[in-house]
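Chains as they are written, first to last, in this note's numbering: chain A, 1 to 99; chain B, 1 to 99.
There are 2 protein chains.
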Amino acid sequence: MRRFFHPDASSLDLPRVLQALSDPVRLEMVRRIAAAGELTCGALGEDRPKSSMSHHFRALREAGVIRTRVAGAVHLNALRGDDLEARFPGLLAVVLEKS
Amino acid sequence: MRRFFHPDASSLDLPRVLQALSDPVRLEMVRRIAAAGELTCGALGEDRPKSSMSHHFRALREAGVIRTRVAGAVHLNALRGDDLEARFPGLLAVVLEKS
DNA sequence: AGTTATGTTCGAGAATTTACGAACTATGGA
DNA sequence: TCCATAGTTCGTAAATTCTCGAACATAACT
Numbered sequence: 001m002r003r004f005f006h007p008d009a010s011s012l013d014l015p016r017v018l019q020a021l022s023d024p025v026r027l028e029m030v031r032r033i034a035a036a037g038e039l040t041c042g043a044l045g046e047d048r049p050k051s052s053m054s055h056h057f058r059a060l061r062e063a064g065v066i067r068t069r070v071a072g073a074v075h076l077n078a079l080r081g082d083d084l085e086a087r088f089p090g091l092l093a094v095v096l097e098k099s
Numbered sequence: 001m002r003r004f005f006h007p008d009a010s011s012l013d014l015p016r017v018l019q020a021l022s023d024p025v026r027l028e029m030v031r032r033i034a035a036a037g038e039l040t041c042g043a044l045g046e047d048r049p050k051s052s053m054s055h056h057f058r059a060l061r062e063a064g065v066i067r068t069r070v071a072g073a074v075h076l077n078a079l080r081g082d083d084l085e086a087r088f089p090g091l092l093a094v095v096l097e098k099s
């Protein structure tokens with residue numbers, strides 16, 4: 001069972017989080033994960049290679065935006081909504097806003 | 001009199017804005033500009049070369065985060081608070097929050 | 001006109017990020 | 001055990017970004 005690095009809620013870094021969210025692909029990922037609650041890696045990025053998606057998942061994960069848990073053969077990704085809201089109140093609302 | 005490119009309020013792009021804000025140097029610039037209302041380029045970045053600062057001012061300007069106006073020999077930079085708030089409500093509050 | 005102060009632009013090198021194929025790992029099922 | 005599925009890691013190439021010196025432009029002042 002693979003173990004992933006997830007930063008502490010307390011060590012979330014705003015520039016790092018903004019950087020993770022500043023990519024259009026990842027922004028869309030975040031929105032879809034938020035809408036679905038929890039999503040496998042495969043559920044996103046049907047058009048991109050898996051290795052590219054894996055790169056983006058990692059960027060979001062290591063910035064503390066999402067949490068990845070292993071469930072059998074799949075990886076389920078969820079937004080770290082509470083952690084983000086606690087540390088950067090309002091940020092998620094901005095990012096999830098449809099514009 | 002030099003003319004700068006400033007994107008329309010309506011064409012502000014979230015990934016681009018987040019990208020501009022995702023640099024620690026620029027984040028600090030934005031906070032100090034916000035606190036002061038309007039600041040010359042020289043008032044920031046006393047420790048960095050002018051060309052580096054100019055690069056960061058440009059990034060913020062072209063993302064639509066700040067507006068630069070020429071006042072005699074100096075350039076005055078102000079946050080585009082209204083435009084940002086109209087397009088991405090709450091974003092500025094998150095970014096200016098002291099954490 | 002000459003000088004000084006303020007910033008920009010240019011060019012180049014370093015560092016970071018992105019993209020993606022190929023090889024690999026882990027899980028579940030036949 | 002063999003196989004298919006899900007996803008990661010590795011290696012490399014391309015694109016972006018960052019940094020900074022040097023040269024340039026503009027305005028104010030003498």
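Cβ coordinates follow ideal geometry from the N, Cα and C atoms, glycine included.
Every value quoted in this text rests on a predicted model; they were computed, and no experiment measured them.
Supposed contact pair residue j and residue i - C-beta distance, whole angstroms, cut 8 Å
i, j, result
"H56/B", "D23/B", "7 Å"
"L18/A", "L18/B", "5 Å"
Pairwise C-alpha distance: residue j and residue i
i, j, result
"S99/A", "V25/B", "28 Å"
"F107/A", "V94/B", "Outside the displayed range of chain A (1 to 99) lies residue 107/A, so it cannot be described from this structure."
"G81/B", "L92/B", "7 Å"
"G90/A", "E97/A", "11 Å"
"A71/B", "G37/B", "15 Å"
"I33/A", "S51/B", "40 Å"
"L12/B", "A20/A", "19 Å"
"E28/B", "H6/A", "26 Å"
"A59/A", "V65/B", "24 Å"
"L84/A", "A35/A", "16 Å"
"R16/B", "R61/B", "11 Å"
"R31/A", "E46/B", "39 Å"
"S10/B", "L79/B", "16 Å"
Cβ-based burial, residue i [other Cβ within 10 Å; buried from 16]
i, result
"A63/B", "buried"
"R3/A", "exposed"
"R48/B", "exposed"
"R69/B", "exposed"
Residues that DSSP places opposite residue i in a beta bridge
i, result
"R69/B", "L76/B"
"E38/B", "A78/B"
| message | Count Cβ pairs between the region 73 to 84 of chain B and the region 26 to 42 of chain B that sit closer than 8 Å; are there 3 or more? | response | yes
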